Amino acid sequence: MEADAMSEMHVIGVRVEQPQNQPVLLLRETDGERYLPIWIGQTEATAIALEQQGVEPARPLTHDLIKNLIEAFGRTLKEVRIVELREGTFYADLVFDQNTRVSARPSDSIAIALRIGVPIFAEESVLTEAGLVMPDEREDEVEKFKEFLESVSPDDFKATDG
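When we follow the working numbering, the leftmost residue of the sequence shown carries the number 103, and every step to the right adds one.
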């Protein structure tokens with residue numbers, strides 16, 4: 103009995119917000135144009151980035167341990183849902199087989215979801231409140247490149263003796 107519609111989300115990655123040096127997890131609707139920025143801790147940012155880069159630590163990190171525990175107990179994580187935004191704090195649920203739900207921080211939930219390979223969803227109410235429509239990243243890169251070209255002259259490309 104779902105009260106809200108959900109959108110599947112894709113993890114774009116972790117960026118560092120300046121000047122506070124605060125990591126931001128950036129999600130994007132799989133079939134939409136909204137982005138969902140979630141400020142997270144440095145430890146979770148590192149765990150997400152390592153998994154996205156395919157780096158395997160010598161010993162299991164906390165999120166790897168949780169994945170191993172889920173498997174050892176014979177359970178199946180089906181999906182992660184970002185279910186609420188209350189007073190600036192995001193809330194997520196880990197949804198297991200047998201309709202078991204465990205409340206967790208979105209950063210931890212997503213780090214686990216990436217390791218297990220399950221979908222990530224956001225409730226429509228969360229996207230309505232916190233979702234942003236941003237220019238497509240590729241267009242943004244093209245604009246930056248155009249600005250660069252406008253700011254240089256052919257002399258800047260001449261070979262030097264060094």
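Even glycine gets a Cβ: it sits at the ideal position worked out from N, Cα and C.
Model, not experiment: these values are computed from the prediction.
- [ ] Could you tell me whether the Cβ atoms of I70 and L127 are closer together than 8 Å?
- [x] Any answer about residue 70 is impossible in this case: the structure gives the chain only from 103 up to 264.
- [ ] Give me the Cα-Cα distance between E186 and L163, rounded to the nearest whole angstrom.
- [x] Along the sequence shown, one-based indexing puts residue 186 at 84. Along the sequence shown, one-based indexing puts residue 163 at 61. Our two residues, E186 and L163, have alpha carbons roughly 27 Å apart in a direct line.
Open item on the list: For a minimum of 4 consecutive residues, which ranges assigned as the alpha helix (DSSP H) are wholly contained in the segment 180-243?
Closed with: As far as the segment 180-243 is concerned, its whole alpha helix (DSSP H) runs of at least 4 residues are 208-218, 226-232.
TODO: Measure the C-alpha to C-alpha separation of G190 and I222 and round it to an integer number of angstroms.
DONE: The residue you call residue 190 lines up with position 88 of the sequence shown. The residue you call residue 222 lines up with position 120 of the sequence shown. In a straight line, the C-alpha of G190 is about 20 Å away from that of I222.
Open item on the list: Suppose you measure from the CA of A194 to the CA of K180; what does that come to, to the nearest Å?
Closed with: Residue numbering aside, residue 194 sits at position 92 when the sequence shown is read from its first letter. Residue numbering aside, residue 180 sits at position 78 when the sequence shown is read from its first letter. Straight-line spacing of the CA atoms in A194 and K180 works out to 14 Å.
TODO: Please name the residue in V182, A147, Q200, K169 whose C-alpha comes closest to that of E119.
DONE: In the sequence shown, counting from the first residue as 1, residue 119 sits at position 17. With distances taken between Cα atoms, E119 lies closest to A147.
TODO: Just mark P159 as buried or exposed, buried being the case when its beta carbon has 16 or more other beta carbons within 10 Å.
DONE: Within the sequence shown, residue 159 is the residue found at index 57, counting from 1. Counting the other CB atoms within 10 Å of its CB gives P159 a total below 16, which places it among the exposed residues.
TODO: Determine the closest residue to E173 out of L234, R217, S109, with distance taken between C-alpha atoms.
DONE: By 1-based counting over the sequence shown, the position of residue 173 is 71. Shortest Cα-Cα distance from E173 to any of L234, R217, S109 involves R217.
Task: Cβ neighbour criterion (16 or more within 10 Å) applied to S205 - done: Mapped onto the sequence shown, residue 205 falls at position 103. The residue is exposed, with fewer than 16 neighbouring Cβ atoms inside 10 Å.
- [ ] Counting only the same chain and skipping the five closest in sequence on each side, list residues whose C-beta sits under 8 Å from that of T178.
- [x] For the purposes of this step, residue 178 is identified with residue 76 of the sequence shown, where counting begins at 1. In the same chain as T178, and ignoring 5 residues on each side of it, the C-beta atoms closer than 8 Å to its own belong to I172, F198, D199, in chain order.
- [ ] Tell me whether Q155 sits in a helix, a strand or coil according to DSSP, three-state version.
- [x] Here residue 155 is taken as the residue at index 53 of the sequence shown, counted from 1. In this structure, DSSP gives Q155 a state outside helix and strand, which the three-state scheme calls coil.
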